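Per the working numbering, the very first residue in the sequence shown carries number 913; after that it's consecutive.
Every residue, glycine too, gets a C-beta built ideally from N, C-alpha and C.
Treat the numbers as computed from the prediction; the structure is a model and nothing was measured.
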Amino acid sequence: MSVEPGSFAQRLGLTAGDEILSVNGHPVPDELALKFHLAEEEVVLEVRKNGGSVKTVDVHLSPGRPLGVMVEDFRTLTCNNACMFCFVDQLPRGVRRSLRLKDDDYRLSFLHGNYITLTNVSDRELDRIIRQALSPLYVSVHATEPGLRTRILGRRRPDNLDHKIRKLVQGGIRLHTQIVLMPGVNDGQNLERTVSELYSDYPGVNSIAIVPVGLSEHGEPRQVCTPVTPAYCREVIAQVEPWQRKFRSERQRTFVYLADEFYLQGGVELPDAAHYDDFAQVEDGVGMVRRFLDDFEGGLKSRSVGKLPLDGTLVTGKLFRAVLAESVRLLNERFGFKLRVVASENLFLGRSITVAGLLAGRDIRDALVGGDPGDFVLFPQEALSRTEGVFIDDRTPEDIAAEIRRPVIPGGRTVHEFLALLFERLR
């Protein structure tokens, strides 16, 4: 661990390289456990000094006063499944290294909203989740029928999901769940059963996101899934809408939500904002477009009217192109901008991958070559790794900028950031 200069920990004699073994007799395997047990005012630390000796330190922590230590990142728990749709196994060579990590870690689910299967979580770890109130968690269910879930996850035997969900829910943990929908596999009556059984655990199971399976051109032989079509999207919407009306009538909450892709690909109008309640599943592509449209409308109202010189290109995926193009039309009309929208085809993963967040740097570059991008290029922020600053193919915005000789800028994670970036170009 490291110790912050001038911190309480330093005054207690803790130094870099020491290891906190326990707090009040409780083992602390990672930073989450350490923070949980340090919430008490009176604590006893068992510390292994850098030299190897073990000592006990009595600590009185005032409310809001941190100890001032930083522990090493915990070792990520990885996935032990072989899912028939696993996107990591569909990635080509040349992707950024972090994408090769198949994390399935309940701590990352709590901290960052990562989806987990719970297949590698023991009863002891379930007890820890409940004891430390690691809530909410995000769980990939796909199917509640044990045999079907086992087949989808590529396991030899059922993983007792029902027991785990019930234990967590009864322990006060909120769960947001996900179903990756595969035509002919877990849809139809199987989907109805899954939704019904998860609804029986409401409000502990607080929401379900149904997302269409994503298929690249690099899948393994075991990953034989039928692609989702516009007609199929409309069928799914027609099946799910009566359940949504029922749940809103009974619970005043939609509960089960369809990813935006179903509506966009199916050519069906998006629901209004109230349909998405608290937008709990927005990071899974549920309600993201509705939020963009509503925030964009509100953002335009806050901008003064006037004709302003702004010439640039906005790059997006094929799925979002029509939505963004209409918004850009309004910007051009109101402010006299000369903005254009370019849809980048995903040749790196495959043409069937149409979401903006999976665009490769080379595909963005190829979409711009041969045309006039204007003075700058904005691309979807979600296509860039938060930690590494690179696209899925390990290229950087600077790489593209050097090739097209224009600034290549991430477009922000919110509409407010997006509009701010545009108007800052005028300064």
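Within 10 angstroms of its Cβ, does residue i collect 16 or more other Cβ (buried), or is it exposed?
i, result
"residue 900", "Absent from the structure is residue 900, since the part of the chain shown begins at 913 and ends at 1339."
"residue 1139", "exposed"
"residue 1173", "buried"
"residue 1264", "exposed"
"residue 990", "exposed"
"residue 970", "exposed"
"residue 1118", "buried"
"residue 1167", "buried"
"residue 1088", "buried"
"residue 1171", "buried"
"residue 1186", "exposed"
"residue 1021", "buried"
"residue 1233", "buried"
"residue 1221", "exposed"
"residue 1133", "In this prediction, residue 1133 has a pLDDT of 49, which is less than 50 and means its spatial position is unreliable; nothing more can be read from the coordinates."
Name the DSSP bridge partner or partners of residue i?
i, result
"residue 970", "956"
"residue 1124", "1093"
"residue 1267", "DSSP, once it has assigned bridges, lists no residue as partnering residue 1267."
"residue 982", "914"
"residue 1304", "None; residue 1304 has no bridge partner."
"residue 935", "938 and 957"
"residue 1255", "1228"
"residue 1321", "1290"
"residue 1015", "990"
"residue 1340", "No information on residue 1340 is available, as it lies outside the stretch 913 to 1339 that the chain covers here."
"residue 1111", "Looking at the DSSP assignment, residue 1111 forms no beta bridge with any residue, so it has no partner."
Smallest Cα separation from residue i: which of the options?
i, options, result
"residue 1250", "1234, 1231, 1262 and 1224", "1224"
"residue 1076", "1272, 1335, 1110 and 1258", "1110"
"residue 1229", "1244, 960 and 1256", "1256"
"residue 1040", "938, 1051 and 1065", "938"
"residue 936", "927, 926 and 947", "947"
"residue 999", "929, 1106, 1060 and 1011", "1011"
"residue 940", "1332, 1087, 956 and 1025", "956"
"residue 1066", "1031, 913 and 1235", "1031"
"residue 1290", "920, 1059 and 1330", "1330"
"residue 1053", "1036, 1094 and 1298", "1094"
For residue i, which residues in the same chain have their Cβ closer than 8 angstroms to its Cβ, ignoring the five residues on either side in sequence?
i, result
"residue 942", "983, 986 and 1019"
"residue 1162", "none"
"residue 1328", "1207 and 1211"
"residue 966", "933, 958, 959 and 960"
"residue 1235", "1176, 1201, 1204 and 1205"
"residue 1150", "none"
Is it the case that the CB of residue i approaches a heavy atom of the ligand FAD more closely than 7 angstroms?
i, result
"residue 1057", "In terms of ligand content, the structure shown is empty, and the ligand FAD therefore cannot be addressed."
Might you give, ordered along the chain, the residues of its own chain that have their beta carbon closer than 7 angstroms to the beta carbon of residue i, omitting 5 neighbours on each side?
i, result
"residue 1055", "1061, 1064, 1098, 1102 and 1106"
So, at 6 angstroms on beta carbons, what are the nonlocal neighbours of residue i in its own chain, with the 5 sequence-adjacent residues on each side left out?
i, result
"residue 1322", "1293 and 1296"
"residue 1116", "1081"
- Message: Which runs of the beta strand (DSSP E) at least 3 residues long sit entirely within the stretch 1165-1252? Give them in chain order.
- Response: Here the runs fully enclosed are 1168-1170 and 1223-1229.
- Message: At 4 residues or longer, what runs of the alpha helix (DSSP H) sit wholly inside the stretch 1031-1095?
- Response: As far as the stretch 1031-1095 is concerned, its whole alpha helix (DSSP H) runs of at least 4 residues are 1035-1043, 1058-1065 and 1073-1082.
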